[in-house]
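Protein chains in written order, with this note's numbering: chain A, 1 to 367; chain B, 1 to 129. Here is the structure we will look at, set down as structure tokens.
So this is what it looks like as structure tokens:
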């Protein structure tokens, strides 16, 4: 479809160009980082509803008599207790307990599952899955034929009900097949912003129709990856390549609640060993004392000036009106609530305060 | 704040205009637009001596942190304190309400190192190609 080295385009690329979006490379794709201003798009999502082009993300279908038992051995969540029309956030690990990817597993039926994975990891994940699952389970990569739109914000339900009355019944992390503008599609009440919202999986070539139709509503505006990053950091959601990687375990990343150690899965033994011997690193969440923001590339320091770790994500938080950050620190670091510092070097460090996640607590996601 | 055509510019997209031998300094539209929403401005201290093309202030936006350089050497007479609480003034009004500092120039000959509006316009056009 695209020559190697060239950025891939979503079916909405011409729409983004038409809307004068600033396009940037992201995970091998040319994606809109902003249309107007990032802070305006952020506010649009927190206060009304924003529409995001997420077509770059990957989708797989895993189906067959052994689909459940195969996936059980691969992901960290217990899928035995996952009801049909429900979905669960979880991770796929390597033998060392590092994260191959984070994903959402949807149960479509008894024997059929739908997996949503990160754009940059599609090929890696699919190769791994095929090998790990074996030939007895049907596993298909439908990423190139599946478009994805995220409609997020307190007004999202009202906006989508106008096009698809039945979605009103969907509860948080519930999904179902609906008829939307003449096509059967999967709609899930999930998102990456902390607000009430939906993820719409639609035939790739027709996604444009849904995008344009939703945007006919004046109360919905398009938002880019710039706003999306601030929204997710305010919720302290992990981003692969930042808080998660093949050398970071979910325990270190603070995601133990998405790991069920009572069942067998790849990486479990490594995690049990980590638990027994103690973690090398841990994740921390902190706010800046003022408007200065931590950023990727900043180091973290303790009060005595020791370098104790690094910032994995940081931004200015419009909700808190100050900088917020997520970082990994060595477990032995001597940190108290009021003694974390961030900056490019020790000399230019800025004071921060450790806090609990999420940074933003007024989200409407469960409304 | 004066006539925009009388402003002078640096290659780093700072502007300066002179009123009664006081140099008023800010960042140009090109820099404002490239930085995006500005969230923090670190201002110099009043009384501080600054050198032409050396660091005067720094700004942080939702995208990046960036230094602002002094278009002219001299002593900082006044700073725009409004930027502490409202750094977005730079986005909204970079040539007027979003000014950063006023400097008492120590060597007006340094103006020769700056571009006038026409030269700066040509410089911008060169950047686009």
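Beta carbons: idealized from backbone N, C-alpha and C, even for Gly.
>> Can you find the residues in the same chain that come closer than 7 Å, C-beta to C-beta, to residue 338 of chain A, ignoring five residues on each side of it along the sequence?
In response: 353
>> When you compare the CB positions of residue 71 of chain A and residue 110 of chain A, do they come within less than 9 Å of one another, or not?
In response: no
> If you draw a straight line from the alpha carbon of residue 176 of chain A to that of residue 59 of chain B, how long is it in whole angstroms?
Replying inline: One C-alpha to the other measures close to 47 Å.
> Taking Cβ to Cβ, would you say residue 198 of chain A is nearer than 9 Å to residue 167 of chain A?
Replying inline: yes
> Could you give the distance in angstroms between the alpha-carbon of residue 322 of chain A and the alpha-carbon of residue 127 of chain A?
Replying inline: Cα-Cα distance, rounded: 42 Å.
> Below 9 Å between beta carbons: does that hold for residue 41 of chain B and residue 83 of chain B?
Replying inline: Yes, they are a contact pair.
> alpha helix (DSSP H) containing residue 29 of chain B: first to last residue?
Replying inline: 29 to 35
>> Tell me the DSSP secondary structure of residue 127 of chain B in three-state form.
In response: helix
> Excluding sequence positions up to five away, which residues of its chain have a Cβ less than 6 Å from the Cβ of residue 1 of chain A?
Replying inline: Residue confidence for residue 1 of chain A is low, a pLDDT of 48 falling below 50, so the modelled location carries little weight; the figure read from the coordinates is stated next. Setting aside the 5 residues that flank it on each side, residue 1 of chain A has no residue in the same chain whose C-beta is closer than 6 Å to its C-beta.
>> Quick check on residue 140 of chain B - is its C-beta less than 9 Å from some C-beta in chain A?
In response: Residue coverage of chain B in this structure runs from 1 to 129, which leaves residue 140 of chain B outside it and unanswerable.
> Can you give the Cα-Cα distance for residue 52 of chain A and residue 23 of chain A, rounded to whole angstroms?
Replying inline: A straight-line Cα-Cα distance of about 14 Å links residue 52 of chain A and residue 23 of chain A.
>> Just to check my reading of the structure: residue 342 of chain A and residue 39 of chain B have Cβ atoms closer than 8 Å, yes? What is that Cβ distance to the nearest angstrom?
In response: Not really, about 15 Å apart at Cβ, beyond 8 Å.
> When DSSP labels each residue in this structure, what does residue 165 of chain A get in the three-state scheme?
Replying inline: In this structure, DSSP gives residue 165 of chain A a helical state, which the three-state scheme calls helix.
>> For a quick check, are the C-beta atoms of residue 285 of chain A and residue 326 of chain A less than 9 Å apart?
In response: yes
> Name the chain B residues whose beta carbon is nearer than 9 Å to that of residue 46 of chain A?
Replying inline: Neighbours of residue 46 of chain A on chain B: none; closest Cβ ~15 Å, over 9 Å.
> If you drop the 5 nearest sequence neighbours on each side, which residues of the same chain put their C-beta closer than 6 Å to that of residue 263 of chain A?
Replying inline: 78
>> Using a Cβ-Cβ cutoff of less than 6 Å, which residues in the same chain neighbour residue 53 of chain B once the five nearest sequence positions on both sides are dropped?
In response: Excluding residues up to 5 positions away in sequence, 69 lie with their Cβ nearer than 6 Å to the Cβ of residue 53 of chain B in the same chain.
> Comparing the C-beta of residue 54 of chain B with each C-beta of chain A, is any distance below 9 Å?
Replying inline: At least 9 Å separates the CB of residue 54 of chain B from every CB of chain A.
> At a CB-CB cut-off below 7 Å, which residues of chain B make contact with residue 359 of chain A?
Replying inline: One finds nothing in chain B with a Cβ atom closer than 7 Å to the Cβ of residue 359 of chain A; even the nearest lies about 15 Å away.
> For residue 141 of chain A, which beta-bridge partners are listed by DSSP?
Replying inline: A:60
>> At a CB distance below 9 Å, what residues from the segment 51 to 78 of chain B approach chain A? Give them in sequence order.
In response: Result list: 60, 61, 62, 63, 64 and 65.
> Are any of the Cβ atoms in chain B nearer than 9 Å to that of residue 38 of chain A?
Replying inline: yes
>> By the three-class DSSP mapping on this structure, what secondary structure does residue 219 of chain A have?
In response: coil
>> With three or more beta-carbon pairs closer than 8 Å as the criterion, would you say the segment 95 to 111 of chain B touches the segment 346 to 361 of chain A?
In response: no
> Given a limit of 8 Å on CB to CB distance, which residues of the segment 223 to 249 of chain A reach chain B?
Replying inline: 226 and 230
>> I'd like the list of long-range same chain contacts for residue 118 of chain A, defined as Cβ closer than 6 Å, with 5 residues on each side in sequence excluded.
In response: The answer, listed in chain order, is 101 and 240.
> Within 10 angstroms of its Cβ, does residue 93 of chain A collect 16 or more other Cβ (buried), or is it exposed?
Replying inline: Buried, since its Cβ has 16 or more Cβ neighbours within 10 Å.
> In chain order, which alpha helix (DSSP H) runs of at least 4 residues are fully inside the segment 173 to 249 of chain A?
Replying inline: 207 to 215 and 225 to 234
> Which residue comes first and which comes last in the alpha helix (DSSP H) that contains residue 272 of chain A?
Replying inline: 268 to 277
> Comparing alpha-carbon positions, which option in A:112, A:124 and A:121 lies nearest residue 139 of chain A?
Replying inline: Distances from the CA of residue 139 of chain A to each of A:112, A:124 and A:121 were compared; the closest alpha carbon is that of A:112.
>> Our contact map puts residue 318 of chain A next to residue 43 of chain A with C-beta atoms below 8 Å; I'd like the distance itself, whole angstroms only.
In response: The pair is a contact, with the Cβ atoms about 7 Å apart (cut-off 8 Å).
>> With the cut-off set at 9 Å, would you say residue 38 of chain A and residue 62 of chain B are in Cβ contact?
In response: yes
> Where does the unbroken alpha helix (DSSP H) through residue 125 of chain A begin, and where does it stop?
Replying inline: From DSSP, the alpha helix (DSSP H) with residue 125 of chain A extends over 122 to 133.
>> I'd like the span of the beta strand (DSSP E) that includes residue 326 of chain A, first residue to last.
In response: 322 to 330
>> Taking CB distances under 9 Å as the criterion, tell me whether residue 88 of chain B reaches chain A.
In response: Yes, residue 88 of chain B lies at the interface with chain A (some Cβ there is under 9 Å from its Cβ).
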